[in-house]
Amino acid sequence: MGSPYDVLGLNADADEDAVVQSYRELVKEAHPDHGGSVAEFKRVRRAYDHITAGRDPATFEADRSDPTAENDRTGSTEDPTAAGDNRDGPAAAAEEGSESELGPTVEYLDYAVVESRGWDLADDDLFQKAEAADLGVDSHGLLVVEPRETLLEAAERYGFSWPYACRGGACANCAVAVVEGDLEMPVSTVLGDELTDRGVRLSCIGEPVTDDLKIVFNIEHLPGLAELRLPAEQFGNARADD
Ligand code: FES
1 MGSPYDVLGL
11 NADADEDAVV
21 QSYRELVKEA
31 HPDHGGSVAE
41 FKRVRRAYDH
51 ITAGRDPATF
61 EADRSDPTAE
71 NDRTGSTEDP
81 TAAGDNRDGP
91 AAAAEEGSES
101 ELGPTVEYLD
111 YAVVESRGWD
121 LADDDLFQKA
131 EAADLGVDSH
141 GLLVVEPRET
151 LLEAAERYGF
161 SWPYACRGGA
171 CANCAVAVVE
181 GDLEMPVSTV
191 LGDELTDRGV
201 RLSCIGEPVT
211 DDLKIVFNIE
221 HLPGLAELRL
231 PAEQFGNARA
241 DD
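Numbering (the UniProt record's numbering), first residue to last: 1 to 242.
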């Protein structure tokens, strides 16, 4: 399979929306936590990066050994295939590695689904319910956060439009509920101790400090957070999420 479009199960003339949609679905299936493998996951991600960077599909296999090619979208100076790499071995060996090399994996769920289905944020089996419900990837799925990337930036890299306003810790528009794992917020925020203790974090400044996280996004209308929201129009580059 020599084309990045083949990896994503698409025809070579697939448009951007089809590429994004296929990628979002395949990263979930390919992730080791969902029955895939590190090599499979990396191959899907590399195919997506190759296409969205506008690189020639014919160079997909050749670019495997060019670390600068894979880093085009991330801006990283590190070679993501460095550990466990074996450029002299079979093609698959070059993409093998440990699960931790993938970066922190975030399982996300849209609060709108929680609300519409009568589920509760405190449900112990909330994410099992989401998995069983076979929701679309806009509502439930997996994403991997790159080094020095915030959760919001990662979501946007996957093409999602999660809510935000200030992008600096001064509002609650981008709030998420952390159900498992943790996000570290490096600056002081408008969230008080009570919200923080309840697992609320701000995705615009939050960076994962655990390998696996489960979060619910779109919670900004919940009591205690609604009062901290800001109008998105107040910020020139902000997406209006009202
Ligand atoms: S968008 Fe305002 S704190 Fe994140």
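Even glycine gets a Cβ: it sits at the ideal position worked out from N, Cα and C.
* Measure from the alpha carbon of ASP211 to the alpha carbon of each residue in VAL106, ALA12, LYS28, VAL178, then state which is nearest. => The residue with the shortest Cα to Cα distance from ASP211 is VAL106.
* With 16 as the cutoff for other CB atoms within 10 Å, does ALA82 come out buried or exposed? -> For ALA82, the predicted model reports a pLDDT of 37, less than 50, meaning its position is unreliable; a value from the coordinates is still stated below. By the neighbour-count criterion, in which a residue is buried when 16 or more other Cβ atoms sit within 10 angstroms of its Cβ, ALA82 is exposed.
* Near VAL176, which residues of its chain fall below 6 Å by C-beta distance, leaving aside the five closest residues on each side in sequence? -> Within the same chain, VAL176 has close Cβ partners ARG201, SER203, ILE215, PHE217.
* Asked: Around the Cβ of THR189, are there at least 16 other Cβ atoms within 10 angstroms (buried) or fewer (exposed)?
  -> buried
* Evaluate the contact criterion for the segment 223–232 versus the segment 117–132: three or more CB pairs, one atom per stretch, below 8 Å. => no
* Verify the contact flag: ARG46, CB atom, against every heavy atom of ligand 1, threshold strictly below 7 Å. => no
* Asked: When you compare only the Cα positions, how much space is there between ASP110 and ASP138?
  -> 8 Å
* Distance, GLY103 Cα to GLY181 Cα -> Those two C-alpha atoms are separated by around 14 Å.
* **Neighbourhood of GLY2 by C-beta distance below 7 Å, restricted to the same chain and skipping five residues each side** => Apart from sequence neighbours up to five positions away, the residues of its chain that approach GLY2 with a beta-carbon distance below 7 Å are PHE60, GLU61, ordered along the chain.
* Asked: Hey, GLY206 and GLU184: beta-carbon distance below 8 Å or not?
  -> Yes, the pair counts as a contact, with Cβ atoms nearer than the cut-off.
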